[in-house]
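Enquirer:
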Amino acid sequence: MIDGGRRDRRIRLERAVETGRDAMNAAIYAWHEIATVWAEKVDVSDRERMAAGEVAAEITTRFRCDWSPALDGLNPKDRLVMGSAVFDIWGVKELGTREGLEITTAKRADK
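So the sequence shown is numbered by the working numbering: it starts at 11 and just counts up by one.
1) By a C-beta neighbour count over all protein chains shown, 10 Å radius and 16 as the cutoff for buried, is residue 46 buried or exposed?
2) Are the CB atoms of residue 119 and residue 69 within a distance shorter than 7 Å?
3) Measure the CB-CB distance between residue 72 and residue 110 and report whether it falls below 7 Å.
4) What's the gap between the Cα of residue 31 and the Cα of residue 16?
5) Do you know offhand how far residue 22's Cα is from residue 107's?
6) How about residue 51 and residue 19: are their beta carbons less than 7 Å apart?
7) Does the distance from the CB of residue 39 to the CB of residue 49 come in under 7 Å?
8) Spatial neighbours of residue 103 within its chain, please: C-beta separation below 6 Å, excluding the five flanking residues on both sides.
9) Quick one, are the C-beta atoms of residue 115 and residue 97 less than 7 Å apart?
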C-alpha cells in the first residue's frame with residue numbers, strides 16, 4: 011500500500027465502451043468510469059514540440075494509487091481524468107505485488 015498522506019488527488023479512470031452504431035455502421039463510443047481513487051501526482055517533465063505547423067506543449071505526469079481489482083487491466087487505451095483535465099495514459103506499472111499502480115500520462119498543456 012502506498013503512503014496515504016501523499017495521495018491527495020482524486021482521479022477518475024475511464025474506458026471507451028461501444029454504445030451503438032451510426033448510420034454508416036461505424037462504432038459509437040462513450041467513456042465509462044472504471045474507478046475513482048485517491049492518488050499521488052508527480053509532474054515529471056514538460057516540453058514543446060512542433061507538429062503540423064503548430065507548437066504544442068505537453069506535460070508528462072505520473073500518478074500513484076493503490077491497486078484494486080477494478081484497475082486490473084488498465085492500459086493506454088484508457089484515460090485518466092482529474093477535475094476538468096484529461097490525461098492520455100502512456101503506461102501502467104504494478105508496484106510490488108498488487109500493492110499499487112504507477113500510471114504514466116501525458117496531457118497537452120493547451121487543452
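Note that the Cβ used here is the ideal one computed from N, Cα and C, for glycine as well.
Expert: Inspection of the coordinates gives the following:
1) Residue 46 should be labelled exposed.
2) For residue 69 and residue 119, yes; Cβs fall inside 7 Å.
3) No, Cβ-Cβ distance for residue 72 and residue 110 is not below 7 Å.
4) Each residue's Cα considered, the two are about 43 Å apart.
5) Residue 107 has its alpha-carbon roughly 23 Å from the corresponding atom of residue 22.
6) By the CB criterion at 7 Å, residue 51 and residue 19 fall inside the cutoff.
7) No; because the gap between Cβ atoms is not below 7 Å, this pair is not in contact.
8) Within the same chain, and ignoring the five residues on either side of residue 103 in sequence, the residues whose Cβ sits closer than 6 Å to its Cβ are 112.
9) Contact flag set, yes.
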